[in-house]
Every structure is written in C-alpha cells, then in structure tokens.
Amino acid sequence: MADTKKKLFKVDFLPNGLTGTVPSGSTIMEAAHDTGVYLNSVCGGEGLCGKCRVIVREGRVNMKPNSFLDREEIQKGYVIACLTEVLSDLSVEVPQETRLEGRPKFDADYARRFGPLEKGDSFFPHDPLCR
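Residue numbers (my numbering): 511 to 641.
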C-alpha cells in the first residue's frame with residue numbers, strides 16, 4: 511500500500527512575519543491565503559494577470575512557465591505566487607505592490623463624487639429605457 515501522506519513545508523512571509531505550513535504541491539498563493547497573507551490577484555489565482563509577484567529568498571520552488579517575468583526578475587528570485595509550487599521550506603518576501611492590507615481607503619474627492627451613490631441618493635434621474 512502506497513503512503514498517501516504529503517510532506518509538510520513551512521512558509522515564512524516577510525515583512526509581516528507570518529508563518530504557515532502547507533503540504534507539498536501547494537502553491538505559494540495557497541500558502542499565503544491559509545496563513546492570512548493577502549496578495550494582489552486580479553484573476554483570482556488563475557495565472558492570468560501576473561499581479562501576485564513575490565520574491566523567494568530561501569527554499570526550492572517549481573514555477574510554471576509564464577510571460578509575466580523577465581530574465582532579470584527571475585534572477586532576483588521573483589515568482590508568480592499562483593503558478594509556483596512549494597518544494598521545501600520557504601522564506602518569501604511580499605513586495606509592497608503585491609500586498610493587500612485591509613479595506614481600501616478613499617480620498618475626499620472619491621467621497622464627494624461617489625458618496626451620494628453609496629447612500630442611495632443619486633445625481634442621476636431614474637429614467638430607464640423600458641418599464
């Protein structure tokens with residue numbers, strides 16, 4: 511009978527210092543989600559947008575081929591989190607442009623333009639094309 515247990519690997523996320531444990535074959539995106547680290551990913555982790563760039567500082571990974579990173583970025587350790595499998599214990603740095611932290615904050619201009627719409631009052635008259 512074959513051993514169906516998967517090996518567990520520790521993934522440390524910098525700079526916030528959170529650590530998670532994931533089974534082999536998990537992606538860095540899955541590890542981040544399980545650990546409570548939220549990454550920018552417009553495509554929802556489908557490998558279509560390239561927004562979930564992280565830097566692998568230590569450890570081994572397997573990244574699927576993609577066109578989001580150039581040679582220089584790959585040499586610096588950048589990977590696409592949703593396309594990269596964890597093969598060992600990792601230390602992963604999440605760059606500022608990839609981090610999602612809490613609810614977006616809107617400036618005063620946003621509040622002036624869209625505040626009435628959020629409250630139900632509208633600048634626009636209710637005049638549908640059909641009834």
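We put the CB at the ideal spot given by N, CA and C, even for glycine.
By the Cβ-count criterion, E540 is buried, with 16 or more other Cβ atoms from all chains shown falling within 10 Å of its own Cβ. Straight through space, the alpha carbons of N526 and L593 are spaced by roughly 22 Å. Annotation for T545: the continuous alpha helix (DSSP H) segment containing it runs I538 to T545. Counting the other CB atoms within 10 Å of its CB gives L639 a total below 16, which places it among the exposed residues. Close CB contacts of N576 within its chain, under the 6 Å cut and outside five residues either way in sequence, are with I590 and L593 (chain order). Boundaries of the alpha helix (DSSP H) around E583: R581 to Q585. The C-alpha of D599 is placed about 5 Å away from the C-alpha of F519. For S601, the enclosing beta strand (DSSP E) starts and ends at L600 to E603.
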